[in-house]
Amino acid sequence: MTHQHGPRRARITFSDAAAKQLETLTSEAELHALDRALVVVSVDPDIGEPLPANFTSPQLRQYTDEIERVRLLYWVTALHTVVVVAYIEF
Numbered sequence: 107m108t109h110q111h112g113p114r115r116a117r118i119t120f121s122d123a124a125a126k127q128l129e130t131l132t133s134e135a136e137l138h139a140l141d142r143a144l145v146v147v148s149v150d151p152d153i154g155e156p157l158p159a160n161f162t163s164p165q166l167r168q169y170t171d172e173i174e175r176v177r178l179l180y181w182v183t184a185l186h187t188v189v190v191v192a193y194i195e196f
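See below:
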């Protein structure tokens, strides 16, 4: 009997600026909202809308969860195995 696995999730990492933002989070509600948004982006890195960019840097994307009221700016590595979160907004 074969076991079916779900889609492979991308690994989440944070830029220095986003890591500093994480250090300031104290609200359980904000942590919960961020966790939900990170799961969504890790399952489908292309879900965010592409932001206008030049061609010398990675394609920056924006994911907004209107229900949880959280916005992420991030980019994805070429193989879609890593999502780098650049900015978090509540």
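Residue 179 in my numbering sits at position 73 of the sequence shown, with consecutive numbering throughout. All C-beta atoms, glycine included, are put in the ideal place defined by N, C-alpha and C. Computed from a prediction, not measured in an experiment: that's the story for all the values here.
Host alpha helix (DSSP H) of residue i (start-end)
i, result
"glutamine 110", "Note, glutamine 110: premise wrong, no alpha helix (DSSP H); not H, not E."
"alanine 159", "Segment: none, alanine 159 is in no alpha helix (DSSP H) and carries neither H nor E."
"glutamine 127", "122-129"
"alanine 139", "134-149"
Assigned secondary structure, residue i (DSSP; H/G/I helix, E/B strand, else coil)
i, result
"arginine 177", "strand"
According to DSSP, residues forming a beta bridge with residue i
i, result
"glutamate 195", "Arg177"
"aspartate 171", "Val176"
"isoleucine 153", "The partner list for isoleucine 153 (beta bridge, DSSP) is empty, contrary to what the question assumes."
"threonine 119", "Val190"
Best match in the options for proximity to residue i [C-alpha to C-alpha]
i, options, result
"serine 163", "Val146, Leu178, Ala184", "Ala184"
"glutamine 165", "Leu179, Val145, Glu172, Asp150", "Leu179"
"arginine 114", "Val176, Val146, Glu174, Asp141", "Val146"
"arginine 177", "Gln127, Leu140, Val149, Leu128", "Leu140"
"aspartate 152", "Ala125, Gln168, Ile173", "Gln168"
"valine 182", "Val149, Gln127, Phe196", "Val149"
query: Do the region 126-142 and the region 151-158 meet, that is, are 3 or more Cβ pairs less than 8 Å apart?
result: They do not touch, by the three-pair rule.
query: Would you call the region 180-191 and the region 113-127 touching, i.e. three or more CB-CB distances under 8 Å?
result: yes
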